[in-house]
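These notes are about the structure you will find just below.
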Ligand SMILES: Cc1cc2nc3c(=O)[nH]c(=O)nc-3n(C[C@H](O)[C@H](O)[C@H](O)COP(=O)(O)O)c2cc1C
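Residue numbers (my numbering): 8 to 226.
See the structure below:
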């Protein structure tokens, strides 16, 4: 891996997600991997309107920072999606990225049953980071599923997941919990080395335009 883009869904610049991401960034730098942290909250990105325009030509009609962001993702070979849980799911900022990307980068290919098109080029790999205030992984389940769901549609293999639960209890995520740092380090190594892929649903259920119309049951 040469270049990683890290998309942060938390609006807090010194929060738990930011601290995890800083550590991930540190490890990547030590491995001579270029990385860029993008705080979605700082961008002008608007929600998907479901106008259907991207179904025609694979292009989103909205002219905002999402265009430049897609270019950054395209020019990276590693993608990290990091978000806290807000009411069981990802933050609004991350949800905008998921919805807009999922529509503009997948739906056109899917509808046209074409092998490529608007989707990102192949050869990327991903890591997902979830943080929640309450103790217990159940508060991370939905937000991690949302991020995995996008990766699945984009057919970007997932190699690592960092789960930071219980961030709002006790001393927080980093106080008296040395295992958190160890988890971050190990997960980042797994992402960099990329030797154990985590199965995404497309491997089992999806076939987004990779086969002929006959094989996929479409005429
Ligand atoms: C609007 C809102 C909704 C939240 N909903 C949940 C939730 O459903 N479950 C949970 O465990 N924590 C919830 N939290 C707590 C955050 O996940 C937690 O504070 C997290 O550490 C915030 O991430 P950050 O420090 O990176 O900003 C919520 C926080 C906010 C602001």
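Just so you know, even glycine gets a beta-carbon here, dropped at the ideal spot from N, CA and C.
{"query": "Go ahead and pull the three-state DSSP assignment for residue 182.", "result": "coil"}
{"query": "Pull up the DSSP beta-bridge partners for residue 42, would you.", "result": "11"}
{"query": "According to DSSP, is residue 136 part of a helix, a strand, or is it coil?", "result": "strand"}
{"query": "Would residue 61 and residue 110 qualify as a contact pair, given that the criterion is a beta-carbon distance under 9 Å?", "result": "yes"}
{"query": "Could you tell me the distance, in whole angstroms, from the CA atom of residue 215 to the CA atom of residue 142?", "result": "Interpretation of residue 215 is limited by its pLDDT of 44, a score under 50 that renders its predicted location unreliable; the figure taken from the coordinates is listed afterwards. Going from the Cα of residue 215 to the Cα of residue 142 covers about 37 Å."}
{"query": "Do residue 45 and residue 90 have their C-beta atoms within less than 9 Å of each other?", "result": "no"}
{"query": "So does residue 190 have its beta carbon nearer than 8 Å to some heavy atom of ligand 1?", "result": "no"}
{"query": "Report the residue from 201, 42, 30 whose alpha carbon sits nearest the alpha carbon of residue 187.", "result": "30"}
{"query": "Which residues in the same chain as residue 25 place their Cβ atom closer than 7 Å to its Cβ, once the five residues preceding and following it in sequence are excluded?", "result": "15, 17, 19"}
{"query": "Should residue 164 go down as buried or exposed, given a rule of 16 or more other Cβ atoms within 10 Å for buried?", "result": "buried"}
{"query": "Taking 8 Å as the line, does the beta carbon of residue 55 fall inside it for any heavy atom of ligand 1?", "result": "no"}
{"query": "Is there contact here, the region 54-70 with the region 96-111, by at least three beta-carbon pairs under 8 Å?", "result": "yes"}
{"query": "What residues in its chain sit with their C-beta under 8 Å from that of residue 84, if we drop five residues either side in the sequence?", "result": "8, 9, 10, 11, 130, 131, 132"}
{"query": "What whole-angstrom Cβ distance do residue 185 and residue 106 have, given they're in contact under 8 Å?", "result": "Residue 185 to residue 106, Cβ: 37 Å. No contact."}
{"query": "Give the range of the alpha helix (DSSP H) segment to which residue 31 is assigned.", "result": "23-37"}
{"query": "Just to confirm, is the Cβ distance from residue 169 to residue 202 under 9 Å?", "result": "no"}
{"query": "Use the C-beta contact count for residue 2: other C-beta atoms within 10 angstroms, 16 or more gives buried, fewer gives exposed.", "result": "Limits of the chain in this structure are 8 at one end and 226 at the other, which puts residue 2 out of reach."}
{"query": "Between the C-alpha atoms of residue 13 and residue 162, what's the straight-line distance to the nearest angstrom?", "result": "18 Å"}
{"query": "Starting from the C-beta of residue 80, find all residues in its chain whose C-beta is less than 7 Å away, skip the five residues before and the five after it, and write them out in chain order.", "result": "12, 86, 127"}
{"query": "Based on Cα-Cα distance, which residue from 145, 88, 74 lies nearest to residue 95?", "result": "145"}
{"query": "Taking only three categories from DSSP, how would you classify residue 163?", "result": "coil"}
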